[in-house]
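A.B. asks: Before I ask anything, let me first share the structure, which is written out below as structure tokens.
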Amino acid sequence: MKNIFLIKYGEIAIKGKNRYIFENKLISTIRKNLKELGEFKVWKEQGRIIAEPIEDVEDPISVIHKLQRIFGIVGIAHGHKLDEISMDAIYDLSLAHMKEVLGDDSATFKVETRRSDKRFEYDSMEISSMVGGHLLKNMPGQLKVDVHNPEIKVMVELRSSLYVYSKTYPGAGGMPTGTSGKAMLLLSGGIDSPVAGWMIAKRGVELEAVYYESPPYTSERAKQKVIDLASKVGSYCGTIKLHIVNFTDIQMAINEKCPPEQLTIIMRRIMMEIAERLAKPRNCAALITGESIGQVASQTIESLAVTDAATSLPVFRPLIGFDKEEIISISKDIDTYETSILPYEDCCTLFIPKHPQTKPKLEYIQRSERALEDIIEDMIQKSIDEMETIII
Ligand code: ATP
Ligand code: MG
Numbered sequence: 050m051k052n053i054f055l056i057k058y059g060e061i062a063i064k065g066k067n068r069y070i071f072e073n074k075l076i077s078t079i080r081k082n083l084k085e086l087g088e089f090k091v092w093k094e095q096g097r098i099i100a101e102p103i104e105d106v107e108d109p110i111s112v113i114h115k116l117q118r119i120f121g122i123v124g125i126a127h128g129h130k131l132d133e134i135s136m137d138a139i140y141d142l143s144l145a146h147m148k149e150v151l152g153d154d155s156a157t158f159k160v161e162t163r164r165s166d167k168r169f170e171y172d173s174m175e176i177s178s179m180v181g182g183h184l185l186k187n188m189p190g191q192l193k194v195d196v197h198n199p200e201i202k203v204m205v206e207l208r209s210s211l212y213v214y215s216k217t218y219p220g221a222g223g224m225p226t227g228t229s230g231k232a233m234l235l236l237s238g239g240i241d242s243p244v245a246g247w248m249i250a251k252r253g254v255e256l257e258a259v260y261y262e263s264p265p266y267t268s269e270r271a272k273q274k275v276i277d278l279a280s281k282v283g284s285y286c287g288t289i290k291l292h293i294v295n296f297t298d299i300q301m302a303i304n305e306k307c308p309p310e311q312l313t314i315i316m317r318r319i320m321m322e323i324a325e326r327l328a329k330p331r332n333c334a335a336l337i338t339g340e341s342i343g344q345v346a347s348q349t350i351e352s353l354a355v356t357d358a359a360t361s362l363p364v365f366r367p368l369i370g371f372d373k374e375e376i377i378s379i380s381k382d383i384d385t386y387e388t389s390i391l392p393y394e395d396c397c398t399l400f401i402p403k404h405p406q407t408k409p410k411l412e413y414i415q416r417s418e419r420a421l422e423d424i425i426e427d428m429i430q431k432s433i434d435e436m437e438t439i440i441i
């Protein structure tokens with residue numbers, strides 16, 4: 050017998066032509082992500098996707114963990130497969146499967162059978178009851194039948210091969226990456242922006258990311274931390290192009306020429322502007338940030354409005370109504386938290402004004418920005434020309 054993984058995906062929301070796009074994207078992501086664990090055959094069969102290792106895997110749980118990170122998957126059933134279909138094969142496979150699932154434990158169970166090959170000598174009901182009897186006889190003291198609320202539901206499926214499975218693991222949900230277009234994530238080394246990127250990616254959006262660094266004030270370690278975060282988010286949604294933009298000169302110029310209480314908001318507006326310039330030629334139709342209302346001075350409603358005015362692209366802020374504790378809890382779930390809390394310096398904390406404005410007015414901010422008028426365009430262009438892009 051061989052390990053087999055039956056992958057269930059959300060089919061309710063997808064109809065018609067979109068369904069094929071959805072399924073094909075999902076299959077290609079599964080193929081790609083499983084590659085590290087060996088060679089797999091992945092195909093679609095009767096509304097599910099099946100992943101079968103060419104050489105049987107030793108650690109099926111590692112396969113399940115990989116699949117649990119792929120958006121678009123609702124659940125993963127782990128089972129076993131035999132190519133022979135006969136009553137003896139069904140008995141053997143069910144018993145071997147049950148022994149592996151149960152170990153030395155005991156449980157209530159029931160058996161359900163589906164067969165697409167109607168020529169088989171017994172019908173579904175007969176097979177279920179025969180398998181149930183076989184399991185009871187061969188695992189005495191460990192099993193008890195409960196047809197209404199069993200702890201283990203053993204599924205026997207007769208298709209082109211024979212499948213037996215029981216336990217279903219939850220998937221990440223969402224939509225397969227690449228089915229909802231592309232967006233540019235402003236990715237810092239903090240807790241919030243990786244979570245924000247993950248949330249939008251969950252809806253099928255492919256991500257690119259931009260990180261503003263200010264060497265020598267921000268270190269190589271701080272940059273590596275952002276690369277690590279991008280790769281953690283990327284483990285859910287595939288390849289991410291991370292653009293690393295040098296922001297030192299721009300920050301120094303803002304610091305020198307603009308009122309101290311407006312530094313942060315002006316800096317954020319220039320970040321938006323650069324992000325938009327990177328986004329448009331790369332077909333990213335929106336920007337994503339990790340902001341939430343009231344978290345800091347630059348995230349009041351008034352500040353967010355002034356930040357928004359710096360770009361014509363929609364800005365997605367999926368964390369807008371979340372408390373910090375809620376964001377932390379997701380970041381722990383998606384495994385970005387430990388990296389995010391590493392204590393490396395961030396360019397935003399470089400020149401923190403003592404009394405940042407919490408209710409900036411666009412026209413006053415624009416007036417202050419005029420001090421940068423003669424130099425900013427060249428500085429932005431230089432940063433973009435010299436930026437480094439890493440494919441993660
Ligand atoms: P985070 O935890 O994501 O860093 P934060 O609570 O520290 O967020 P800010 O520092 O005000 O908040 O940043 C708000 C948002 O602006 C971030 O969520 C991120 O999207 C973007 N951002 C901030 N700093 C940078 C940076 N150096 N490079 C790229 N994007 C940034
Ligand atoms: Mg930050």
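Letter by letter, the sequence shown follows residues 50 to 441 in the working numbering.
All C-beta atoms, glycine included, are put in the ideal place defined by N, C-alpha and C.
1) Anyone know if the C-beta pair for Ile429 and Ile299 falls short of 9 Å?
2) Taking contact to mean at least 3 C-beta pairs separated by less than 8 Å, is the stretch 214-221 in contact with the stretch 116-125?
3) What's the C-alpha gap between Gln273 and Ala232?
4) Given that a residue counts as buried once 16 or more other Cβ atoms are within 10 Å of its Cβ, and exposed if not, what is Lys130?
5) Below 8 Å on the Cβ atoms is my contact criterion, and I expect Ser341 with Ile369 to pass it. Report the Cβ-Cβ distance as a whole number of Å.
6) Tell me, which residues are paired with Met233 by DSSP?
7) Quick test of your reading: Val259 and His292, contact by CB under 8 Å. State the CB separation rounded to the nearest angstrom.
8) Between the alpha carbons of Glu72 and Thr338, how many angstroms are there, rounded?
9) Within the same chain, show all residues whose beta-carbon is closer than 7 Å to that of Asn187, passing over the 5 residues directly before and after it, in chain order.
10) What number of angstroms, rounded off, separates the C-alpha of Cys307 from the C-alpha of Ile425?
11) Does the beta-carbon of Ile249, which I'm using as the reference point, lie nearer than 8 Å to any heavy atom of ligand 1?
12) Given this structure, state the Cα-to-Cα distance separating Leu421 from Asp384, to the nearest angstrom.
13) Can you tell me the Cα-Cα spacing of Ile98 and Gly128, whole angstroms?
14) Could you name the residues of the same chain whose beta carbon sits closer than 7 Å to that of Lys93, not counting the 5 residues immediately before and after it, in chain order?
15) Val196 by DSSP, collapsed to three states: which one?
16) Pull up the distance between the alpha-carbon of Lys251 and that of Met224, whole angstroms please.
17) So the candidates are Tyr214, Ile441 and Met301; which of them puts its Cα closest to the Cα of Leu142?
18) Any heavy atom of ligand 1 closer than 8 Å to the Cβ of Pro367?
19) Excluding five sequence neighbours on each side, which residues of the same chain lie with their C-beta closer than 7 Å to the C-beta of Ser268?
20) Grab me the residues of Pro109's own chain with a C-beta within less than 7 Å of its C-beta, minus the 5 sequence neighbours each way, in chain order.
21) Less than 8 Å between the CB atoms is what I'm expecting for Ile176 and Val205, so what's the real figure, rounded?
22) Grab the span of the beta strand (DSSP E) containing Gly457 for me, first residue to last.
23) Buried or exposed, going by whether 16 or more other CB atoms sit within 10 Å of the CB of Pro102?
24) Taking Thr483 and Lys74 to be in contact with their CB atoms under 8 Å, please state how far apart those CB atoms are, rounded to whole angstroms.
25) May I ask whether a heavy atom of ligand 1 can be found less than 8 Å away from the beta carbon of Val345?
26) Our contact map puts Leu336 next to Thr356 with C-beta atoms below 8 Å; I'd like the distance itself, whole angstroms only.
27) Please state if the CB of Ile323 and the CB of Ser242 are separated by a distance shorter than 9 Å.
28) Count the other C-beta atoms from every protein chain shown that fall within 10 angstroms of the C-beta of Glu255, then say buried if there are 16 or more, exposed otherwise.
29) Just curious, the alpha helix (DSSP H) that His114 is in, first and last residue?
30) Which two residues bound the contiguous beta strand (DSSP E) that contains Tyr212?
31) Should Leu83 go down as buried or exposed, given a rule of 16 or more other Cβ atoms within 10 Å for buried?
32) Rounding to the nearest angstrom, what Cα-Cα distance links Glu412 and Val91 in this structure?
C.D. replies: Here's the rundown:
1) Sequence index remark: in the sequence shown, residue 429 carries index 380 (1-based). Sequence index remark: in the sequence shown, residue 299 carries index 250 (1-based). Going by C-beta atoms, Ile429 is nearer than 9 Å to Ile299.
2) yes
3) One-based indexing of the sequence shown puts residue 273 at position 224. One-based indexing of the sequence shown puts residue 232 at position 183. Using only the alpha carbons, I get a separation of about 22 Å.
4) By one-based count along the sequence shown, residue 130 stands at place 81. Burial call: buried.
5) Stepping through the sequence shown from its first residue, residue 341 is reached at position 292. Stepping through the sequence shown from its first residue, residue 369 is reached at position 320. With 8 Å as the limit, Ser341 and Ile369 qualify as a contact, their Cβ atoms being about 5 Å apart.
6) The residue you call residue 233 lines up with position 184 of the sequence shown. Answer by DSSP bridge pairing, in chain order: Glu257 and Leu336.
7) Along the sequence shown, read from residue 1 onward, the residue named residue 259 stands at position 210. Along the sequence shown, read from residue 1 onward, the residue named residue 292 stands at position 243. Confirmed, about 5 Å.
8) Against the sequence shown, residue 72 aligns to sequence position 23. Against the sequence shown, residue 338 aligns to sequence position 289. Going from the Cα of Glu72 to the Cα of Thr338 covers about 29 Å.
9) Against the sequence shown, residue 187 aligns to sequence position 138. Within the same chain, Asn187 has close Cβ partners Leu144.
10) Counted from its first residue, the sequence shown places residue 307 at position 258. Counted from its first residue, the sequence shown places residue 425 at position 376. Cys307 and Ile425: Cα-Cα distance of roughly 13 Å.
11) Working through the sequence shown from its first residue, we reach residue 249 at position 200. Result no, Cβ not under 8 Å from ligand 1.
12) On the sequence shown, position 372 is the one that residue 421 refers to. On the sequence shown, position 335 is the one that residue 384 refers to. Straight-line Cα distance between these residues: approximately 40 Å.
13) Here residue 98 refers to the residue found at position 49 when the sequence shown is read from its first residue. Here residue 128 refers to the residue found at position 79 when the sequence shown is read from its first residue. Rounded to the nearest angstrom, the two C-alpha atoms are 13 Å apart.
14) The residue you call residue 93 lines up with position 44 of the sequence shown. So the list reads Glu72 and Ile76, once near-sequence residues are dropped.
15) Position 147 of the sequence shown, counted from the first residue, corresponds to residue 196. Here Val196 sits in coil by DSSP.
16) Looking up residue 251 in the sequence shown gives position 202. Looking up residue 224 in the sequence shown gives position 175. Near 6 Å, if we compare the C-alpha coordinates of Met224 and Lys251.
17) Taking the sequence shown and counting its residues from 1, one reaches residue 142 at position 93. Comparing Cα-Cα distances from Leu142 to each of Tyr214, Ile441 and Met301, the minimum goes to Tyr214.
18) On the sequence shown, residue 367 is found 318 positions in, with the first residue counted as 1. No; taking the cut-off as 8 Å, the Cβ of Pro367 has no heavy atom of ligand 1 nearer than that.
19) Position 219 of the sequence shown holds residue 268. Tyr393 and Glu394.
20) The residue labelled residue 109 in the question sits at position 60 within the sequence shown. So the list reads Asn52 and His127, once near-sequence residues are dropped.
21) Translated into the one-based positions of the sequence shown, residue 176 becomes position 127. Translated into the one-based positions of the sequence shown, residue 205 becomes position 156. The Cβ separation is near 6 Å, so the contact holds.
22) Residue coverage of the chain in this structure runs from 50 to 441, which leaves residue 457 outside it and unanswerable.
23) Start at 1 with the first residue of the sequence shown, and residue 102 comes out as number 53. Under this definition Pro102 is a buried residue.
24) What is shown of the chain runs 50 to 441, which leaves residue 483 out entirely.
25) Residue mapping note: residue 345 aligns to position 296 of the sequence shown, counting from 1. At least one heavy atom of ligand 1 is nearer than 8 Å to the Cβ of Val345, so yes.
26) Locating residue 336 in the sequence shown gives position 287, counting from the first residue. Locating residue 356 in the sequence shown gives position 307, counting from the first residue. Their Cβ separation, rounded to whole angstroms, is 10 Å, which puts Leu336 and Thr356 out of contact at 8 Å.
27) Sequence index remark: in the sequence shown, residue 242 carries index 193 (1-based). Sequence index remark: in the sequence shown, residue 323 carries index 274 (1-based). No.
28) Counted from its first residue, the sequence shown places residue 255 at position 206. Glu255 comes out buried.
29) Counting from one through the sequence shown, the residue named residue 114 turns up at place 65. Note, His114: alpha helix (DSSP H), Pro109 to Gln117.
30) By 1-based counting over the sequence shown, the position of residue 212 is 163. Element bounds for Tyr212: Leu211 to Pro219.
31) Along the sequence shown, one-based indexing puts residue 83 at 34. The residue in question, Leu83, is buried, as its Cβ has 16 or more Cβ neighbours within 10 Å.
32) On the sequence shown, residue 412 is found 363 positions in, with the first residue counted as 1. On the sequence shown, residue 91 is found 42 positions in, with the first residue counted as 1. Between Glu412 and Val91, the C-alpha separation is close to 57 Å.
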